[in-house]
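Visitor: Quick one: this structure, given as structure tokens, is what I'll be asking you about.
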Amino acid sequence: MAGKTISEKILSAKSGVDARAGRVMVCAVDCAMGTDGSAPMAIDYFEAMGGQSVRDAARIVFALDHYAPAANRAIALLHQRLREFAGQFGIQLWDVGQGIGHQLMVESGRALPGRLVVGADSHAVTYGALNAFATGIGSSDLAAILICGRMWLRVPESIRVNLTGQLPRGVYAKDAALALTAVLGADGAAYQALEFGGPGVGALDMDDRLVLSNFAVEMGAKNGIFPADERTREYLAGRSCQDFEAVAADDDARYGREIALNLDALRPQVALPHQVDRVEPLVQAAGTPVQMVYLGTCTGGRAKGFHEARDVLKAGGGVARGVQLVVTPASRAVMETLARDGTLADFAAMGAVIVTPGCGSCCGTCGAIPGDGVNVISTANRNFKGRMGNSGASIYLASPASCAAAAVRGAITDPREIEA
Amino acid sequence: MTGRARTFGDDINTDYIITSRRKRESLDPAVLRKYLFEELDPRFAATVEAGDVIVAGKNFGCGSAMEVAVTAVLGAGIRAVVARSFSRTYYRNAVNNGLLPVECDTGGIREGDRLAMGDGEVRNLSTGVTLETAPLPEIMRQIVSAGGLAPYMKRHGDFSL
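In the order they appear, the protein sequences are chains S and F. Going by our numbering, the first residue of the first sequence is number 3, and it counts up by one from there. Going by our numbering, the first residue of the second sequence is number -4, and it counts up by one from there.
Structural data, given as structure tokens:
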């Protein structure tokens, strides 16, 4: 019998049976997150299922992030309903202003190696960076987990992504994620797991890994999982007091496909409107005028990304006339870091619009909405037509440094031209 | 089950099925059905009929995992989606709501063709072509037969596998 991938090992442990790619099994869920975008429907399903009680409230958490803060009465009532449900059943709730649920899941140490951690939102794949089997589910799934603590899962075949080298100056994890999306396409990993490995893993810090795992779903992947190493332990120290064991793949694990990604050879990348896999080297789009620059989201909203953007903006002399710079930290902790180290003041001095930590403009549900004919360059993960709330706008996706370079010049620019 | 094919292309994301903007206004499928596919085909909602079958290329339902992209389709009286492939979250949400997801080679299906959903096959009554389909695993078949995860859970209280 062949060895197992990381995903097969975790799902074997969570189902109590021998999990092999292709089998459908029922698994015990270690932690499930719902947002204000998905949990209200989950409560409807919970009631339709005849739910009376929550099986293990300690394993559930809600985040008010998609509509933060409430901009109208309907959303205010929806938030109230979630607070009441959470209060009634003893579920932890991250309220408006605390940040994006995915970011809070990793910051709070709820996502741990070897655990099955799910979220009723497609970007729950982000927690794979911490060696957890992490995937997005629907509201009905979340309702069933509230009641019985379990879910059905088809065990994915894995694609092994062998990372080598390290990111050159001016090139970031987002560029690696976009380059991988260009290779695989928007459905290249459909129903499959991405399993990152190889000597290049050690050169990526946790923030970098979170970017790559976050992007797994843009290639159709069920999850994007990293091995755990010393950096994983360092990240979790002080965040979680629970014991965990790193889960590694067997040497003779079977993969559907193997892809080599040499970080040394990467250049800045950009995804063109309106598909995430319309990726090309950024230089080819250089000069495209940009009127809005968005820094934030569960892909690019962490302190490291803001520092990279701030450095480019300062080196370049600030924001070009006619460009709106919007800054949305992924969490309150990120905002506090930026406040402490002066980055937030730098952004404010440059005239940036600073928005409540949360999903912000990314999916057009709150925050700044672009106008008709506006080109936006964003650190987000999706550029579908209408994604930011107006189908008349066009969205380009790039690294925080590349977005900042575009803010400096008012046009798409290779950040290496500006960086000090 | 037979129905009229309503065709779409590849990589139709859930925001194209129903925009997040509409979801903010209401979660009621009877309301959302009025805005189905509005970004792609503003006439779709007015011309959809109960029993129509959505036919698409690869990666149908990619992007956000929002479940209204399934319930709004059901709200329009559509009971099945036939696609070359689905995004996994759409597939999952379809099963969990009793919307039949059928995977097969949809390349030869034209707008308006009459389709008959059979066991392991889709018959195109307009062209006479029969397409082989991938079978649903047992637990998914049980959930779809129950009418979705809500009636399934109401009956069983847990998963039986």
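Just so it is clear, CB atoms sit at the ideal spot from N, CA and C, and this is done for glycine as well.
With a floor of 4 residues, list each alpha helix (DSSP H) that falls wholly inside the segment 291 to 366 of chain S, ordered by position along the chain.
Guide: If we require 4 residues or more, the alpha helix (DSSP H) runs fully inside the segment 291 to 366 of chain S come out as 299 to 302, 305 to 318, 334 to 342 and 345 to 351.
Visitor: Can you tell me which residues form a DSSP beta bridge with S/Ser396?
Guide: BP columns for S/Ser396 point to S/Asn377.
Visitor: According to DSSP, is F/Val76 helix, strand or coil?
Guide: It is a strand residue.
Visitor: Can you pull the chain F neighbours of S/Cys150, defined as C-beta to C-beta under 8 angstroms?
Guide: The contacting residues are Met148, Gly152, Asp153 and Phe154.
Visitor: Quick one, which residues of the segment 29 to 43 of chain F are near chain S if we go by CB-CB under 8 angstroms, in chain order?
Guide: Those residues of the segment 29 to 43 of chain F that come within reach of chain S (Cβ to Cβ, closer than 8 angstroms) are Glu34.
Visitor: Can you grab the Cα-Cα spacing for the pair S/Ala287 / S/Cys368, in whole Å?
Guide: Rounded to the nearest angstrom, the two C-alpha atoms are 29 angstroms apart.
Visitor: Going by DSSP, name the residue or residues bridged to F/Pro96.
Guide: Paired residue(s): F/Val76.
Visitor: Between F/Arg19 and chain S, is any beta-carbon pair separated by less than 9 angstroms?
Guide: Answer yes: the Cβ-Cβ gap between F/Arg19 and chain S drops below 9 angstroms somewhere.
Visitor: Straight-line CA distance for S/Gly303 to F/Met(-4)?
Guide: One C-alpha to the other measures close to 47 angstroms.
Visitor: Pick out whichever of S/Glu338, S/Ala181 and S/Lys306 has its Cα sitting closest to the Cα of S/Ile261.
Guide: S/Ile261 has its Cα closest to that of S/Ala181, out of S/Glu338, S/Ala181 and S/Lys306.
Visitor: Do you know how far the Cα of S/Ile147 is from the Cα of S/Gln54?
Guide: If I take the Cα positions, the gap works out to 13 angstroms.
Visitor: Would you tell me roughly how many angstroms separate the C-alpha atoms of S/Ala351 and S/Thr345, rounded to the nearest one?
Guide: The straight-line gap from Cα to Cα measures roughly 10 angstroms.
Visitor: Can at least three beta-carbon pairs, one atom from the segment 395 to 402 of chain S and one from the segment 270 to 280 of chain S, be found at a separation below 8 angstroms?
Guide: Touching, per the Cβ criterion.
Visitor: Check each residue of the segment 94 to 105 of chain S: if its Cβ is closer than 8 angstroms to any Cβ of chain F, include it; give the result in chain order.
Guide: Those would be none; no residue qualifies.
Visitor: How close, in whole Å, do the beta carbons of S/Val63 and S/Ile93 come, if the pair is a contact with beta carbons under 8 angstroms?
Guide: Yes, they are in contact, since the Cβ atoms of S/Val63 and S/Ile93 sit about 7 angstroms apart, within 8 angstroms.
Visitor: Against S/Gln123, what residues of chain F qualify as contacts under a CB-to-CB distance less than 9 angstroms, listed in chain order?
Guide: Sequence inspection shows Asp at residue 123 of chain S; the Gln mentioned does not correspond to that position. Neighbours of S/Asp123 on chain F, chain order: Ser59, Ala60 and Met61.
Visitor: Check each residue of the segment 79 to 96 of chain F: if its Cβ is closer than 7 angstroms to any Cβ of chain S, include it; give the result in chain order.
Guide: Going along the segment 79 to 96 of chain F in chain order, one finds Ser80, Ser82, Arg83, Thr84, Arg87, Asn88, Asn91 and Asn92 with a Cβ nearer than 7 angstroms to chain S.
Visitor: Quick one: is F/Arg38 buried, meaning 16 or more other Cβ sit within 10 Å of its Cβ, or exposed?
Guide: Per the 10 Å Cβ criterion, exposed.
Visitor: Does the CB of F/Met(-4) have a neighbour CB from chain S at under 9 angstroms?
Guide: It does not; no Cβ of chain S falls within 9 angstroms.
Visitor: Could you tell me whether the Cβ atoms of S/Phe228 and S/Asn133 are closer together than 9 angstroms?
Guide: Cβ distance < 9 angstroms, so S/Phe228 and S/Asn133 count as in contact.
Visitor: Could you check what DSSP says for S/Gly89 in three-state terms: helix, strand or coil?
Guide: Reduced to three states, the DSSP call for S/Gly89 is helix.
Visitor: Strictly below 8 angstroms CB to CB, what residues from chain S border F/Ala158?
Guide: With chain F running from -4 to 156 in the structure shown, residue 158 of chain F is simply not present.
Visitor: CB S/Gly353 to CB S/Ala23, shorter than 9 angstroms?
Guide: Their beta carbons are not under 9 angstroms apart, which means S/Gly353 does not touch S/Ala23 by this criterion.
Visitor: Please classify F/Thr122 as buried or exposed, where buried requires at least 16 other C-beta atoms within 10 Å of its C-beta.
Guide: So F/Thr122 ends up on the exposed side.
Visitor: Determine the direct distance from the alpha carbon of F/Ala75 to that of F/Glu98, and round the result to whole angstroms.
Guide: Going by the C-alpha atoms only, they are around 11 angstroms apart.
Visitor: Name the residues in the segment 129 to 141 of chain F whose C-beta lies less than 9 angstroms from a C-beta of chain S; which are they?
Guide: Per Cβ criterion, the list reads Pro132, Glu133, Ile134, Met135 and Ile138.
Visitor: Over what stretch of residues does the alpha helix (DSSP H) that includes S/Ser142 continue unbroken?
Guide: Counting along the chain, the alpha helix (DSSP H) containing S/Ser142 begins and ends at Ser141 to Cys150.
Visitor: So which of S/Glu197, S/Leu106 and S/Glu247 has the shortest CA-CA distance to S/Glu232?
Guide: If we check each option's Cα against that of S/Glu232, S/Glu247 comes out closest.
Visitor: Could you pull out every residue in the same chain whose Cβ sits closer than 7 angstroms to the Cβ of F/Asp5, ignoring the five residues on either side in sequence?
Guide: Within the same chain, F/Asp5 has close Cβ partners Gly52, Lys53 and Asn54.
Visitor: Under 9 angstroms between C-beta atoms, does S/Ile261 make it to chain F?
Guide: No, S/Ile261 does not count as interfacial toward chain F.
Visitor: F/Thr(-3) lies in the beta strand (DSSP E); which residues open and close that run?
Guide: Unbroken beta strand (DSSP E) run through F/Thr(-3): Thr(-3) to Thr2.
Visitor: Can you tell me where the beta strand (DSSP E) holding S/Ala409 begins and where it ends?
Guide: Careful: S/Ala409 lies outside any beta strand (DSSP E), inside the alpha helix (DSSP H) at Pro402 to Arg411.
Visitor: So with Cβ pairs under 9 angstroms, would you call F/Arg74 a contact of chain S?
Guide: No, no contact with chain S.
Visitor: If the cut-off is 8 angstroms on Cβ atoms, which residues from the segment 3 to 20 of chain S count as contacting chain F, listed in chain order?
Guide: Within the segment 3 to 20 of chain S, no residue has a Cβ that lies closer than 8 angstroms to any Cβ of chain F.
Visitor: What residues of chain F sit near S/Cys33, judged by a beta carbon separation below 8 angstroms?
Guide: Those within 8 angstroms of S/Cys33 in chain F number zero; the least Cβ separation is about 17 angstroms.
Visitor: At which residues does the beta strand (DSSP E) containing S/Gly199 begin and terminate?
Guide: Ala195 to Gly199 is the span of the beta strand (DSSP E), which, as asked, contains S/Gly199.
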